[in-house]
Each structure stands twice: as C-alpha cells, then as structure tokens.
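K.L.:
Handing you this structure, nothing more for now.
There are 4 protein chains.
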Amino acid sequence: MASEFKIVRGVEFSETDMAGIMHFSNFFRFMEGCEHAFIRSLGLTIFEKTSSPAIGWPRVAASCEYKRPLRFEDRVEVHLTVTKKTEKAITYAFTFRKSGETEISAVGSVTIVCCTFREGRMQATFIPKEFAEKIEEHHGVQN
Amino acid sequence: MASEFKIVRGVEFSETDMAGIMHFSNFFRFMEGCEHAFIRSLGLTIFEKTSSPAIGWPRVAASCEYKRPLRFEDRVEVHLTVTKKTEKAITYAFTFRKSGETEISAVGSVTIVCCTFREGRMQATFIPKEFAEKIEEHHGVQN
Amino acid sequence: MASEFKIVRGVEFSETDMAGIMHFSNFFRFMEGCEHAFIRSLGLTIFEKTSSPAIGWPRVAASCEYKRPLRFEDRVEVHLTVTKKTEKAITYAFTFRKSGETEISAVGSVTIVCCTFREGRMQATFIPKEFAEKIEEHHGVQN
Amino acid sequence: MASEFKIVRGVEFSETDMAGIMHFSNFFRFMEGCEHAFIRSLGLTIFEKTSSPAIGWPRVAASCEYKRPLRFEDRVEVHLTVTKKTEKAITYAFTFRKSGETEISAVGSVTIVCCTFREGRMQATFIPKEFAEKIEEHHGVQN
Chain A
0 MASEFKIVRG VEFSETDMAG IMHFSNFFRF MEGCEHAFIR SLGLTIFEKT SSPAIGWPRV
60 AASCEYKRPL RFEDRVEVHL TVTKKTEKAI TYAFTFRKSG ETEISAVGSV TIVCCTFREG
120 RMQATFIPKE FAEKIEEHHG VQN
Chain B
0 MASEFKIVRG VEFSETDMAG IMHFSNFFRF MEGCEHAFIR SLGLTIFEKT SSPAIGWPRV
60 AASCEYKRPL RFEDRVEVHL TVTKKTEKAI TYAFTFRKSG ETEISAVGSV TIVCCTFREG
120 RMQATFIPKE FAEKIEEHHG VQN
Chain C
0 MASEFKIVRG VEFSETDMAG IMHFSNFFRF MEGCEHAFIR SLGLTIFEKT SSPAIGWPRV
60 AASCEYKRPL RFEDRVEVHL TVTKKTEKAI TYAFTFRKSG ETEISAVGSV TIVCCTFREG
120 RMQATFIPKE FAEKIEEHHG VQN
Chain D
0 MASEFKIVRG VEFSETDMAG IMHFSNFFRF MEGCEHAFIR SLGLTIFEKT SSPAIGWPRV
60 AASCEYKRPL RFEDRVEVHL TVTKKTEKAI TYAFTFRKSG ETEISAVGSV TIVCCTFREG
120 RMQATFIPKE FAEKIEEHHG VQN
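Protein chains in written order, with numbering that gives the first Met the number 0: chain A, 0 to 142; chain B, 0 to 142; chain C, 0 to 142; chain D, 0 to 142.
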C-alpha cells in the first residue's frame, strides 16, 4: 500500500497576488518542492552533478484543482503519493491542506519523465535502478 | 464558431531554470497573461476598481501538457479559445508554439469562476452581463 | 547591542535559472521572508487584518551584493539585523551564508516604511507602538 | 554622450502581491529583461550557445529605490543607460516610469561581470570584443 510523504511550509508574501491569496501558479512550485523533498527523504537527489550524460526529470503534465484559497502566513501541508510508475515515468498526486485542518485546499498531479540531457536535447530514458527501487520500496507501487 | 485570440511574448532569463528551459510553472503565468490580454481586447478588465463588492476571477482548475521545452529568448505564441461558458464560469484552452513553427510546445486549460470578494471571502456569482455578452459575441460560444 | 535573527531555508529548483544558480531576484524574496519571520518571532505580523485603515510596509530601497552563487538544495542561512529605526521607517541588513560555512554568499539591505493604505493610496505613518517597542527591545536600536 | 535604451511592458497579475502593487522583487526582473533587450538591440545575446567555455553575466550588485508603486495593467517604461564599463564589468542604471508620465516610479542599478563557467565554477574574464565595442559605440562610454 502506498505510504505518504508530506512537507509543511508557510505561504510567503511574495507568493500572494492582488486578490490577497496565493497565486495559482505557486501551487505547482509547492508540488515540485514536495517532490524534491520526497526524493531527498529517499537519500537521493533529482540533480546528480556527476552523472554523464546529465539526467533530468522534466514534467510532461501538471494539473491542479483549487478548492479553498491559501493566504499569507497560512501553514500548508502538502501530501505526496506515487500514483503511477512506469519504466521511464512517475506520476505523483498532491493534496494541500492548511496545517491541522481536514478540509482540502487543493489537489494536484504531476507526471515526470526521466530524461538524458545531451547538448540541450532531452530524450526519455529508463529511471535509474537506485531511484526505481527506492520509490517502489517506499511506496509499494509496482510497475 | 469560436475565433481565436493570441499573444506573442519572449521567454525571459528569470523564467528559465537550471535545466536550461522555461520552468513548468511559468506556462501557467503565460496562460493568465494571455487571458487578461484577451479580456483587454474586448475593452474590459478583470480588475474593476469601482465595482462593489469587488469582483474577481479565481481559478478552480488549471492543467498543462508539455510537449517540447521553451528556452530563453524563444518567441512564443499563446493561443486562447473559449471552450466552455456557463453562468458563472469560463473555461479557456491554450496552445503554445514557438513563433512561426507549427509544432506544439504545450497545451493547457484553465477554468475561472466569477466571484465576489467581501471581507476576504469569495462567493461564486453571475458573470457581469458586459463580460458575458462580449465573450459570447467574440467567440460564438453559447451557454 | 543589536542581537541577530536568522532563518535557514533551502534553494528550490524553481528559484534557479539557466546559469545553474539561484536567480539574483530571489535573494530579495529570501530577505523579505526573513524579515517576516523576524516579525513573527516578536509575536507580531506585518499583515494585521483588523487594523483600520490597513497598515502595510512597502519597501523604499533594496540592495544586494552577490559574492558567491547559491545553488539548488544549498541550505542557506539568512541573518537579519536592524541597522536603523526612525519613527516611520526601519532598515534591515541581511547576510547570506551556506549553512555551516563562514564565507559570505551575499549581503543585502532593505528599508521599509510604515504606511496606511486607503482606497489604494499609501501614506507614511508612525510605526505602531507595539512594533516600535518590540523591535527596539529585541535589537537595542534607539531612534 | 550616453544614449538611452528603453522597453515598455505591462504589469501582470502574477507580478502583484496582496498589497495590490507590483512586488518589489519584480523590479529586478524588469531591469534584467530590459538589459537583455538592450543586448539584443545590439545584435547580440547574453547567451551564446556555442562559446567554449560558456560565458555568462552574473550580477555582483543590484539596487532599487521605490518612489511610487506600480499596479496591475500599468504600462511601464524602463530606461537603461550604461553608467560604467570596465574590462570585465558593466554597470547599468534604470529608470521606471508609467508610460507617458514624467514622474519616476523607481530607479535602479545593476552591475554585471563577464564570467566563464567551467564545471559549475565562475571566473571573471574580459568582455568579448564584440560586446565591448558595441556597448561603447552605442553609448559612448569609455573605459
């Protein structure tokens, strides 16, 4: 069964807009921040300086549904689950809640693909074994 | 039949990330910029200082599929079509292309809801007649 | 003697640019985040919902000198000191270091002015007594 | 005598904050956008894919003084002048005005240094002759 990973962070002034709420594009930055913290929690990093060719994880799809606005200084829990894993791609689902509340502020999803970067060109490649195993082990998601 | 609206803009250095491409969250900012330019092209503005209570257009859903990366100094065409209009909500579809190219860089969608803002609380409301008529007239989209 | 306040935060992927380093504009967002955390550490908030007229703290000056770049996943300490306090304005100085290192990454300064916001117009006003006292008490800075 | 370069751009919704004005950090992004447009106006680009080692232009100093806020949909003129040029560094001054107005919204300054990037390390280097000549020719600034 998939276990869950979460981060807690505050909404900063620079993340709000003139409507007085967190700008909708920043939910995607929160999702990415949560994804990278998850990878770090596995003892890995999405940015491996020494791999050759360089490996990156561009997004192929991202979506978010907004239920309740987030505001300056709100403490926000972002929960991550791995909802799909193939040989080259991972799909994450995210849930946003104000810390300590049960009502959902937003739900989102991001699909990333493991790619090599050669001279500025990306090409999909197999997820490195170390990543694949740890992601499966931690989340119990099978190919 | 729905007509189309477009803007052209460049990718700025501050919109790139360390993978050398436009950060995926910025596609959503481009969509919003295109949406607001569309509204201005109708002689309107999404921010009407004098309306009381204040009217705003928060997003309830946003999504993007990324096909080909955009890079610094790329000239980008963002095309907007109104794909759905109800009494309180509008859904826009967006297509991203490098200027002069036929291949698609990304496609996206955003659904906004017309809301009143009273003391920091939002509530869905009917789209003002002036907006509703111009959006229908321009795009031929019926409720 | 002025005591010091600090925060520690990581550099996120979305804060980098195509040169592979944190974009220079984000140092200003880090300074503001540190400033607001400092104000919270005093039991206050820069955004008081119930004050009438609304009080805000726009910046009148901001500067940064960059010594060494910050990169993705660097842990960064931002140190704040109050370097000047007048009846209506506060100047903060900031120092950026990678966590655990002595070498400085950047130094910055921001001057804010306490303002009332009335119908979209700002006017400089006296810093509320509660703020003025706590800032002086904590930092030993005299008018 | 130094001639002047300018760009005009609008303030986007995503560039505002909950105080209803353009966030102060975005003035630095506008300055950088203006700088890059200036370099393009000389037939050059700050990002030369084929140079080896890669050349970049990190900032060593940036500052801004804020006089009057900018708001959503304001048309803004950003004026650039070269105020100093040495063998390895350029200092630009910027003036922000609402389009068609004489009153100044903000003034800023940025100093950049020409650097080589080798394996993630930057080192100051001589400004390429092509840049140096065109910048001097256009602006009449001598070393």
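Beta carbons are placed, not taken as given, at the ideal position from N, Cα and C, and that holds for glycine.
Pick from B/I45, B/E3, B/K83: whose alpha carbon is nearest that of D/E11?
P.N.:
Here the closest residue by C-alpha is B/I45.
K.L.:
With 8 Å set as the bound, which would you pick, yes or no: does the beta-carbon of A/N142 sit closer than that to a beta-carbon of chain D?
P.N.:
Caution applies to A/N142, whose pLDDT of 44 falls short of 50 and renders its modelled position unreliable; the model cannot decide the point.
K.L.:
Hey, would you say D/E31 sits closer than 8 Å to B/S13, going by beta carbons?
P.N.:
Cβ distance < 8 Å, so D/E31 and B/S13 count as in contact.
K.L.:
With 8 Å as the limit, tell me which residues of the segment 34 to 67 of chain C have their beta carbon closer than that to any beta carbon of chain A; keep them in chain order.
P.N.:
Result list: H35, R39, T44, I45, F46.
K.L.:
Closer than 7 Å by beta-carbon distance: list the chain B residues that pair up with C/F95, in chain order.
P.N.:
Result: empty, since nearest Cβ-Cβ is about 18 Å, beyond 7 Å.
K.L.:
Identify whether D/A123 lies in helix, strand or coil by the three-state DSSP scheme.
P.N.:
Strand, per DSSP.
K.L.:
Cβ-heavy atom distance between D/E132 and the ligand FMN below 7 Å?
P.N.:
Because no ligand of any kind appears in the structure shown, any question about the ligand FMN cannot be addressed here.
K.L.:
From what residue to what residue does the beta strand (DSSP E) around D/C114 run?
P.N.:
That run of the beta strand (DSSP E) goes 114 to 117.
K.L.:
List the endpoints of the continuous beta strand (DSSP E) containing B/I54.
P.N.:
First-last of the beta strand (DSSP E) with B/I54: 53 to 55.
K.L.:
Is C/M17 helix, strand or coil by DSSP?
P.N.:
C/M17: coil per DSSP, three-state reduction.
K.L.:
With a threshold of 8 Å, are at least 3 pairs of Cβ atoms found where one atom belongs to the segment 57 to 64 of chain C and the other to the segment 90 to 100 of chain D?
P.N.:
They do not touch, by the three-pair rule.
K.L.:
Is the CB-CB distance between C/C42 and C/C114 below 8 Å?
P.N.:
Before going on, a small fix: residue 42 of chain C reads as Gly here, not Cys. Cβ atoms of C/G42 and C/C114: not closer than 8 Å.
K.L.:
Under three-state DSSP, which class holds C/F29?
P.N.:
Here C/F29 sits in helix by DSSP.
K.L.:
In terms of DSSP beta bridges, what is B/I6 paired with?
P.N.:
Partner(s): B/V77.
K.L.:
Would you mind reading off the limits of the beta strand (DSSP E) that contains A/K97?
P.N.:
First-last of the beta strand (DSSP E) with A/K97: 88 to 97.
K.L.:
With DSSP as the reference, label B/S24 as helix, strand or coil.
P.N.:
If DSSP states are grouped into helix, strand and coil, B/S24 belongs with coil.
K.L.:
Does the distance from the C-beta atom of C/K87 to that of C/V112 stay below 8 Å?
P.N.:
Yes, the Cβ-Cβ distance between C/K87 and C/V112 is below 8 Å.
K.L.:
Nearest by alpha-carbon distance to B/E107: which of B/D16, B/R117, B/F130, B/K66 is it?
P.N.:
Reading the sequence as shown, one finds Gly at residue 107 of chain B and not Glu. Nearest of B/D16, B/R117, B/F130, B/K66 to B/G107, Cα basis: B/K66.
K.L.:
To the nearest angstrom, how far is the alpha carbon of D/K5 from that of D/F29?
P.N.:
Those two C-alpha atoms are separated by around 11 Å.
K.L.:
What residues from chain B crowd round C/S24, counting only those whose CB sits closer than 9 Å?
P.N.:
In chain order: S13.
K.L.:
Tell me where the beta strand (DSSP E) around B/S62 begins and ends.
P.N.:
That run of the beta strand (DSSP E) goes 58 to 65.
K.L.:
With C-beta atoms as the reference, is C/I72 less than 8 Å away from C/G9?
P.N.:
It should be pointed out that residue 72 of chain C corresponds to Glu in this sequence rather than to Ile. A contact, by the Cβ cut-off of 8 Å.
K.L.:
Are the C-beta of D/R28 and some C-beta of chain B separated by less than 8 Å?
P.N.:
Answer yes: the Cβ-Cβ gap between D/R28 and chain B drops below 8 Å somewhere.
K.L.:
Drop a sphere of 10 angstroms on the beta-carbon of C/K128, count the other beta-carbons inside from all chains shown, and report buried for 16 or more, exposed for fewer.
P.N.:
When all chains shown are included, C/K128 counts as exposed.
K.L.:
What is the rounded straight-line gap between the Cα of A/E135 and the Cα of A/F37?
P.N.:
Answer to the nearest angstrom: the Cα atoms are 13 Å apart.
K.L.:
Between A/G119 and chain B, is the shortest Cβ-Cβ distance under 8 Å, so that the two count as touching?
P.N.:
A/G119 counts as touching chain B.
K.L.:
Answer with buried or exposed for B/G19, where buried requires no fewer than 16 other C-beta atoms within 10 angstroms of its C-beta.
P.N.:
The residue is buried, with at least 16 neighbouring Cβ atoms inside 10 Å.
K.L.:
Quick one: measure Cβ to Cβ for A/P68 and B/P52, integer angstroms, because I've assumed they're closer than 8 Å.
P.N.:
No, A/P68 and B/P52 are not in contact; Cβ-Cβ is about 16 Å, not under 8 Å.
K.L.:
Look up D/K84 in the DSSP assignment and give the residues it is bridged to.
P.N.:
For D/K84, which the question treats as bridged, DSSP gives the partners D/I89.
K.L.:
DSSP on C/S40, reduced to helix/strand/coil?
P.N.:
C/S40 falls in the helix class under three-state DSSP.
K.L.:
Could you give the distance in angstroms between the alpha-carbon of B/L79 and the alpha-carbon of B/T90?
P.N.:
Distance between the alpha carbons of B/L79 and B/T90 is about 10 Å.
K.L.:
With 9 Å as the limit, tell me which residues of the segment 107 to 135 of chain C have their beta carbon closer than that to any beta carbon of chain E; keep them in chain order.
P.N.:
Absent here is chain E; the protein component of the structure consists of chains A, B, C and D.
K.L.:
For A/R96 and A/R70, I'd like the C-alpha separation in whole angstroms.
P.N.:
Looking at the two C-alpha atoms, the distance is approximately 12 Å.
K.L.:
Does chain C have any CB closer than 8 Å to the CB of B/M0?
P.N.:
Caution applies to B/M0, whose pLDDT of 45 falls short of 50 and renders its modelled position unreliable; the value that the coordinates give is listed next. So no, B/M0 is outside the interface.
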